[in-house]
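> Please read through the structure below; I'll follow up with questions.
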Amino acid sequence: MTAALTTDQLTERHAATLDAALDAIRTRAYWSPHPEHPKAYGENGSLDAAAGRAAFEALRGRRFELDQPGTDGWTGSEVSPYGPRLGIEYPHADIAVLLPAMRTAMRPWREAGPRTRALVCLEILKRINSRTHELAHAVMHTSGQAFMMAFQAGGPHAQDRGLEAVTYAYAAQAEAERTAEWVKPQGKREPLKMAKEFTAAARGIALVIGCNTFPTWNGYPGLFASLATGNPVLVKPHPRAVLPLALTVRIAREVLGEAGFSPDLVALAAERDGEGIARTLAVHPDVRIIDYTGSTAFGDWLEANARQAQVYTEKAGVNTIVVDSTADYRGMLSNLAFSLSLYSGQMCTTPQNLLIPRGGIATDAGHKTYDEVVADLATAVEKLLGDDDRANALLGAIVNDQVKERIDAAGRIGELALASRTVANPDFPDATVRTPVVVKLDGAKPDAEAAYFSECFGPVSFAVAVDSTADAVDLLRRTIREKGAMTVGAYTTSAEAEQLVEQACLDESAQLSLNLTGGVYVNQTAAFSDYHGTGGNPSANAALCDGAFVAGRFRVVEVRREA
Numbered sequence: 173m174t175a176a177l178t179t180d181q182l183t184e185r186h187a188a189t190l191d192a193a194l195d196a197i198r199t200r201a202y203w204s205p206h207p208e209h210p211k212a213y214g215e216n217g218s219l220d221a222a223a224g225r226a227a228f229e230a231l232r233g234r235r236f237e238l239d240q241p242g243t244d245g246w247t248g249s250e251v252s253p254y255g256p257r258l259g260i261e262y263p264h265a266d267i268a269v270l271l272p273a274m275r276t277a278m279r280p281w282r283e284a285g286p287r288t289r290a291l292v293c294l295e296i297l298k299r300i301n302s303r304t305h306e307l308a309h310a311v312m313h314t315s316g317q318a319f320m321m322a323f324q325a326g327g328p329h330a331q332d333r334g335l336e337a338v339t340y341a342y343a344a345q346a347e348a349e350r351t352a353e354w355v356k357p358q359g360k361r362e363p364l365k366m367a368k369e370f371t372a373a374a375r376g377i378a379l380v381i382g383c384n385t386f387p388t389w390n391g392y393p394g395l396f397a398s399l400a401t402g403n404p405v406l407v408k409p410h411p412r413a414v415l416p417l418a419l420t421v422r423i424a425r426e427v428l429g430e431a432g433f434s435p436d437l438v439a440l441a442a443e444r445d446g447e448g449i450a451r452t453l454a455v456h457p458d459v460r461i462i463d464y465t466g467s468t469a470f471g472d473w474l475e476a477n478a479r480q481a482q483v484y485t486e487k488a489g490v491n492t493i494v495v496d497s498t499a500d501y502r503g504m505l506s507n508l509a510f511s512l513s514l515y516s517g518q519m520c521t522t523p524q525n526l527l528i529p530r531g532g533i534a535t536d537a538g539h540k541t542y543d544e545v546v547a548d549l550a551t552a553v554e555k556l557l558g559d560d561d562r563a564n565a566l567l568g569a570i571v572n573d574q575v576k577e578r579i580d581a582a583g584r585i586g587e588l589a590l591a592s593r594t595v596a597n598p599d600f601p602d603a604t605v606r607t608p609v610v611v612k613l614d615g616a617k618p619d620a621e622a623a624y625f626s627e628c629f630g631p632v633s634f635a636v637a638v639d640s641t642a643d644a645v646d647l648l649r650r651t652i653r654e655k656g657a658m659t660v661g662a663y664t665t666s667a668e669a670e671q672l673v674e675q676a677c678l679d680e681s682a683q684l685s686l687n688l689t690g691g692v693y694v695n696q697t698a699a700f701s702d703y704h705g706t707g708g709n710p711s712a713n714a715a716l717c718d719g720a721f722v723a724g725r726f727r728v729v730e731v732r733r734e735a
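Position in the sequence shown (first residue = 1) + 172 = my numbering.
This is the structure in structure tokens:
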């Protein structure tokens, strides 16, 4: 295949970015090559707001051509959480034809070496970044995120996570790939001499099983970690969120072809209604890596049954906030209100359980009883979301009926401290937009445990009254150990309480945020600096992103010869 995009061109375009990314994962300081403000786009070939929206609209009601092997029909039934039917049909693949074509593409990709693979991946990410406005609409109308969140989280923040994965993958392979001259003295005899060559060899086809709520942010780390380590990647999107990943696959295939490699290194596996193709693909002998974000039940099934593959899962957890005391009561309430409201709580990092001593807490505004803390938090949420325009911009739309059912059922769980209200969206009258629910529970009552000790995905949180901060930390430990947690937060002015919470998180392997009262929130993580999950508790068996996330995607193969 003739390359229209040479290695020299790729090096000129992206070597400096790769070097800066390598420095960023070393220092873990703030860095991003992807602007997160919409006005930054529209020059140097990138789509501005109007062009991005037009590009998205042009995709609707049409077939999404990919020209990949084995297409045996068309499928697609996406309906935006905001109401409109997308009407896009995607190629349905005959796996018996597609997978062999993907395997055939592996050898030249392996022989290209880690640096060329990394540079090609950076070109893919650059092309994706230039179409961020288009992708933002695709994410918005498949996930229900509000536009600004879809733009940032589905665009530059997802691209940062993809680049982070490429960077870790390159660093790991650069360490592994080398040659060596081995000489062993033999006394009076001639020494033994060997020439040794070590190559990072891909495991095989990687399967990315996409999620509905964050198709790009959760999909890009596994996709780019596998591709950068030499593996072909088959992308199986969630049936309700195909478009963002289909666009990603199309861009990747274009770049791979231009760089002289087979486009079949990246392919799409869209499924028909009720087909359940993920289970079939997960146990296919050619699938050697799986990345999955979603329910605990299917994640556990993958870990138990996809024995031929290296499986990376992000599942459900019960995220917890310990409230002991605070030096900024107003800042704490404001920060928590935003964290509970962002994207209607439909994030794997949203706090669910707020553990508050029943005797109250010390604050800079004086002692506050348990009831006062809960009531003031409810007021903070109401104030934040009191304006419908601002509420729509923060909440987005409810992604599916199951989340709506949990909101409606919350009032039957315990005493409502904050009831949910319906917010009208004038631009999308068919959207379901709901404000958060806060339920008061007594942690000492056994019937309450059934509610707060399991994940309730969506904008439902429990203010759990506990006997003391020590009891809160004990419950935190048990929650992380048995149910898992992607995030933990704590508010305290006590060094002793802070140490108790910190030791619990270190012992049980959970990421901790302390005393957040400003513009950083417990449910947000920054690529190149923050780890998303730890891989050390039941909520996930991997972290985004660390060395372990990439090291299992290749094996070092040695060839040795007598010198």
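All C-beta atoms, glycine included, are put in the ideal place defined by N, C-alpha and C.
#1: Answer with buried or exposed for Gly690, where buried requires no fewer than 16 other C-beta atoms within 10 angstroms of its C-beta.
#2: Once you ignore the five residues that flank Gly217 on each side, which residues in its own chain have a CB closer than 8 angstroms to its CB?
#3: Which of the three DSSP states is assigned to Met366 in this structure?
#4: Would you mind working out which of Pro253, Pro601, Thr521, Leu194 sits nearest Arg711, comparing C-alpha positions?
#5: Considering Cα atoms alone, identify which of Ala699, Leu415, Leu453 is closest to Leu258.
#6: When burial is assigned at 16 or more other CB atoms within 10 Å of the CB, is His539 buried or exposed?
#7: How would you write the range of the alpha helix (DSSP H) that Val546 sits in, first residue to last?
#8: Between which two residues does the alpha helix (DSSP H) holding Asn525 run?
#9: Alpha carbons only, please: which of Glu347, Thr401, Ala330 is nearest the one belonging to Glu208?
#10: Under the assumption that Ala676 contacts Val645 (Cβ atoms under 8 angstroms), give the Cβ distance between them as a whole number of angstroms.
#11: Where does Gly776 sit, in a helix, a strand or coil, going by DSSP?
#12: Considering only the beta carbon of each residue, do Arg593 and Ser516 sit closer than 8 angstroms?
#13: How long is the line joining the alpha carbons of Asp445 and Arg412, rounded to whole angstroms?
#14: Quick check: the Cα distance between Val455 and Ile449, rounded to an integer number of angstroms?
#15: Distance, Cα to Cα, Ile493 vs Gly532?
#16: Hey, could you find the ends of the alpha helix (DSSP H) Asp472 is sitting in?
#17: Do Arg282 and Ala373 have their beta-carbon atoms positioned less than 8 angstroms apart in this structure?
#18: Is the region 367 to 383 close to the region 393 to 408, with three or more CB pairs under 8 angstroms?
#19: State the Cα-Cα distance for the pair Val427 and Val632, rounded to the nearest angstrom.
#20: In this structure, how does DSSP classify Ile377 when only helix, strand and coil are distinguished?
#21: What is the rounded straight-line gap between the Cα of Tyr340 and the Cα of Ala187?
#22: Asn390: which of Glu486, Arg361, Ala439 sits nearest, CA to CA?
#23: Exposed or buried, Gly583, counting other C-beta atoms within 10 Å across all chains shown (16 or more means buried)?
#24: Using C-beta distances below 7 angstroms, list every residue in its chain close to Thr465, excluding the 5 sequence neighbours before and after it, in chain order.
#25: Can you tell me which of the three DSSP states Pro357 falls into?
#26: Just checking, does the region 657 to 674 make contact with the region 495 to 510 on the three C-beta pairs under 8 angstroms criterion?
#27: With 16 other CB atoms within 10 Å as the buried threshold, where does Met366 fall?
#28: Hey, is Arg235's beta-carbon within less than 8 angstroms of any beta-carbon in chain B?
#29: Taking 8 angstroms as the threshold (C-beta atoms), are Arg451 and Val438 in contact?
#30: Going by beta carbon distance, what residues of the same chain come within less than 8 angstroms of Val595, once the five residues before and after it are set aside?
#31: If we call anything under 8 angstroms between Cβ atoms a contact, is Val311 one with Pro387?
#32: Assuming contact is defined by CB atoms lying nearer than 8 angstroms, are Arg530 and Asp639 in contact in what I supplied?
#33: Verify whether the separation of the beta carbon atoms of Gly656 and Ala623 is less than 8 angstroms.
#34: Could you please give me the residues that DSSP links to Trp246 through a beta bridge?
#35: Hey, would you say Leu453 sits closer than 8 angstroms to Ala441, going by beta carbons?
#36: Quick check on Lys211: does DSSP put it in helix, strand or coil?
Walking through what the data contain:
#1: The residue you call residue 690 lines up with position 518 of the sequence shown. If you draw a 10 Å sphere on the C-beta of Gly690, you find fewer than 16 other C-beta atoms in it, and that means exposed.
#2: As a position in the sequence shown, residue 217 is number 45, starting the count at 1. Beyond the five residues adjoining it in sequence on each side, Gly217 comes within less than 8 angstroms, by CB distance, of Ser302 in the same chain, given in chain order.
#3: Your numbering for residue 366 matches position 194 in the sequence shown. The DSSP-derived three-state label of Met366 is strand.
#4: As a working note, residue 711 is residue 539 in the sequence shown. Note on identity: in this sequence residue 711 is Ser, with Arg being the wrong assignment. Of all alpha-carbon atoms in Pro253, Pro601, Thr521, Leu194, the one lying nearest the alpha-carbon of Ser711 is that of Thr521.
#5: Locating residue 258 in the sequence shown gives position 86, counting from the first residue. When each option's Cα is compared against that of Leu258, the closest is Leu415.
#6: Reading the sequence shown from its first residue, position 367 is the one you call residue 539. Result: exposed.
#7: In the sequence shown, the residue the question calls residue 546 occupies position 374. Counting along the chain, the alpha helix (DSSP H) containing Val546 begins and ends at 542 to 556.
#8: On the sequence shown, residue 525 is found 353 positions in, with the first residue counted as 1. That residue, Asn525, is in no alpha helix (DSSP H); its beta strand (DSSP E) goes 525 to 529.
#9: Along the sequence shown, one-based indexing puts residue 208 at 36. Ranked by Cα distance from Glu208, the options Glu347, Thr401, Ala330 are led by Ala330.
#10: As a first step, residue 676 must be located in the sequence shown, where it is residue number 504. As a first step, residue 645 must be located in the sequence shown, where it is residue number 473. Between Ala676 and Val645 a beta carbon distance of about 5 angstroms is seen, short of the 8 angstroms cut, so the two are scored as contacting.
#11: No statement about residue 776 is possible, as the shown extent of the chain runs from 173 to 735 and does not include it.
#12: One-based indexing of the sequence shown puts residue 593 at position 421. One-based indexing of the sequence shown puts residue 516 at position 344. No, the Cβ-Cβ distance between Arg593 and Ser516 is not below 8 angstroms.
#13: Locating residue 445 in the sequence shown gives position 273, counting from the first residue. Locating residue 412 in the sequence shown gives position 240, counting from the first residue. So the two alpha carbons sit approximately 10 angstroms from each other.
#14: In the sequence shown, counting from the first residue as 1, residue 455 sits at position 283. In the sequence shown, counting from the first residue as 1, residue 449 sits at position 277. Approximately 10 angstroms between the Cα atoms of the pair.
#15: The sequence position of residue 493 within the sequence shown is 321, counting from 1. The sequence position of residue 532 within the sequence shown is 360, counting from 1. Taking the CA atoms as reference points, Ile493 sits about 15 angstroms from Gly532.
#16: Position 300 of the sequence shown, counted from the first residue, corresponds to residue 472. Asp472 -> alpha helix (DSSP H) spans 468 to 477.
#17: Counted from its first residue, the sequence shown places residue 373 at position 201. Counted from its first residue, the sequence shown places residue 282 at position 110. Between Ala373 and Arg282, the CB-CB gap stays under 8 angstroms.
#18: For the pair of segments examined, the region 367 to 383 was found to touch the region 393 to 408: the number of CB pairs separated by less than 8 angstroms reaches three.
#19: The residue labelled residue 427 in the question sits at position 255 within the sequence shown. The residue labelled residue 632 in the question sits at position 460 within the sequence shown. Val427 and Val632: Cα-Cα distance of roughly 43 angstroms.
#20: Mapped onto the sequence shown, residue 377 falls at position 205. Residue state, collapsed to three classes: strand.
#21: By one-based count along the sequence shown, residue 340 stands at place 168. By one-based count along the sequence shown, residue 187 stands at place 15. Between the C-alpha atoms of Tyr340 and Ala187 there is a straight-line separation of about 15 angstroms.
#22: Counted from its first residue, the sequence shown places residue 390 at position 218. When each option's Cα is compared against that of Asn390, the closest is Glu486.
#23: Taking the sequence shown and counting its residues from 1, the one referred to as residue 583 is at position 411. Answer is exposed; the Cβ neighbour count stays below 16.
#24: Along the sequence shown, one-based indexing puts residue 465 at 293. Apart from sequence neighbours up to five positions away, the residues of its chain that approach Thr465 with a beta-carbon distance below 7 angstroms are Cys383, Asn390, Glu486, ordered along the chain.
#25: Locating residue 357 in the sequence shown gives position 185, counting from the first residue. Reduced to three states, the DSSP call for Pro357 is strand.
#26: Verdict: yes, contact present.
#27: What you label residue 366 is simply residue 194 of the sequence shown in a count that begins at 1. Burial check for Met366: the Cβ neighbour count within 10 Å stays below 16, so the residue is exposed.
#28: Considering every chain present, this structure includes no chain B. It has just one protein chain.
#29: One-based indexing of the sequence shown puts residue 438 at position 266. One-based indexing of the sequence shown puts residue 451 at position 279. No, these two residues do not count as a Cβ contact at 8 angstroms.
#30: Working through the sequence shown from its first residue, we reach residue 595 at position 423. Close CB contacts of Val595 within its chain, under the 8 angstroms cut and outside five residues either way in sequence, are with Leu557, Asp560, Ala563, Asn564, Leu567, Val605, Arg606, Thr607 (chain order).
#31: On the sequence shown, position 139 is the one that residue 311 refers to. On the sequence shown, position 215 is the one that residue 387 refers to. Going by C-beta atoms, Val311 is nearer than 8 angstroms to Pro387.
#32: Residue numbering aside, residue 530 sits at position 358 when the sequence shown is read from its first letter. Residue numbering aside, residue 639 sits at position 467 when the sequence shown is read from its first letter. Contact flag set, yes.
#33: For the purposes of this step, residue 656 is identified with residue 484 of the sequence shown, where counting begins at 1. For the purposes of this step, residue 623 is identified with residue 451 of the sequence shown, where counting begins at 1. With respect to the 8 angstroms criterion, Gly656 and Ala623 are not classified as neighbours on the basis of their beta carbons.
#34: Position 74 of the sequence shown, counting from 1, holds the residue named residue 246. According to DSSP, which records beta bridges pairwise, Trp246 is partnered with Pro263.
#35: Here residue 453 is taken as the residue at index 281 of the sequence shown, counted from 1. Here residue 441 is taken as the residue at index 269 of the sequence shown, counted from 1. The answer is yes: Cβ separation under 8 angstroms.
#36: Translated into the one-based positions of the sequence shown, residue 211 becomes position 39. Reduced to three states, the DSSP call for Lys211 is helix.
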